[in-house]
Amino acid sequence: MPSNDAERIAAIEDPYQLLRVATERLNAAQQEVTELSRLRRRVIQELHAQGMSYAQIAKEAGLTRGRIHQIRHTGPAPEGAFFGQGTITLITPLKREARQARPVVAVEDVAAAKRLEDLARGFDLAVELEHVPLGGDVNLNRPNLVVICGPRLSTVMGELYERDPVLEWVKEDVWTLHDTRTDERYRSGSDDEPARPIDYAYLGRLPRPDGAGHVLVFTGIHPQGTLGVVRLLQTELAALWGRVADKPFSTVVSTEYEPESGEPVKVELASPLYRHQEG
Numbered sequence: 001m002p003s004n005d006a007e008r009i010a011a012i013e014d015p016y017q018l019l020r021v022a023t024e025r026l027n028a029a030q031q032e033v034t035e036l037s038r039l040r041r042r043v044i045q046e047l048h049a050q051g052m053s054y055a056q057i058a059k060e061a062g063l064t065r066g067r068i069h070q071i072r073h074t075g076p077a078p079e080g081a082f083f084g085q086g087t088i089t090l091i092t093p094l095k096r097e098a099r100q101a102r103p104v105v106a107v108e109d110v111a112a113a114k115r116l117e118d119l120a121r122g123f124d125l126a127v128e129l130e131h132v133p134l135g136g137d138v139n140l141n142r143p144n145l146v147v148i149c150g151p152r153l154s155t156v157m158g159e160l161y162e163r164d165p166v167l168e169w170v171k172e173d174v175w176t177l178h179d180t181r182t183d184e185r186y187r188s189g190s191d192d193e194p195a196r197p198i199d200y201a202y203l204g205r206l207p208r209p210d211g212a213g214h215v216l217v218f219t220g221i222h223p224q225g226t227l228g229v230v231r232l233l234q235t236e237l238a239a240l241w242g243r244v245a246d247k248p249f250s251t252v253v254s255t256e257y258e259p260e261s262g263e264p265v266k267v268e269l270a271s272p273l274y275r276h277q278e279g
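Under full-length UniProt numbering, the first residue of the sequence shown carries the number 1, and numbering increases by one thereafter.
Below, the structure written as structure tokens:
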């Protein structure tokens, strides 16, 4: 039997409108199938981690053991939901060019965004790209946002970071990250004399201003730290997902990098991974 949507679309008389609406509905249906497949695989993994055998899961779900194994090994991996569901919006900042004052995107931000986009698409997520405009006024009250931007370029982002109950950005002679629980302060090696090829970055999921969801956000004190977070996500996403899933958290990421290229050579968590309590 056709769905009510299919019947409604089939009744559209204008062929061009019918084509457009049918395409939009098909895209939405495909995204829904992807997310349901991801959810199904996630539930099987969680039940197995709790001690249930695949045979027990199959029996309780009314499926065959072979079907459970097939679901477990096919479809998008559950950890892709770390970024969001369906279509995620990846936002990087615009900066003002020093000479001609034109809005530009930093080369490192372009590289970080491209690598993260490729990673997300590998989990069957659609990706839309946006920029934080000059002045930093960005709408954070939207689902599935991933924002690469710090407080220096956006007061809106600065206010978002202030929602973190543990980590804070501090501007003194240079920008640093401060762990208020341990009183550890993280200062980029490039701001020292002599300079050292190490940078630190913030990575977290924080409440949206409207309280109706969360924003995944990260940025380095300097661009090398941003690239380090992307490397961490490329290599350790399953472990991060296992510890925080889609809940609010924050941590400091340490990146040792190659001085000439700025590319990460060693990336690890510098602070504890803090899981925030939701009120």
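Virtual Cβ for every residue (Gly too), placed ideally from N, Cα, C.
query: Reduced DSSP secondary structure (H/G/I, E/B, other) of K247; result: coil
query: Nearest residue (CA-CA) to I91, options L119, V146 and R231; result: V146
query: Nearest-angstrom Cα separation, counted from R115 out to Y257; result: 17 angstroms
query: Span of the beta strand (DSSP E) around R205; result: I198 to P207
query: Beta-carbon gap between C149 and T219 smaller than 7 angstroms; result: yes
query: Residue of I44, D14 and V33 minimising C-alpha distance to G66; result: I44
query: Straight-line Cα distance separating A55 from T64; result: 8 angstroms
query: Stretch pair the segment 258–272 + the segment 226–237: three plus CB contacts closer than 8 angstroms; result: yes
query: Three-state secondary structure assigned by DSSP to R275; result: strand
query: Distance, Y200 Cα to E168 Cα; result: 13 angstroms
query: Classification of L19 by the beta-carbon crowding that lies within 10 angstroms, buried from 16 upward; result: exposed
query: Inter-residue spacing [alpha-carbon to alpha-carbon] between S254 and G62; result: 47 angstroms
query: Check whether L94 and H69 have beta carbons under 7 angstroms apart; result: no
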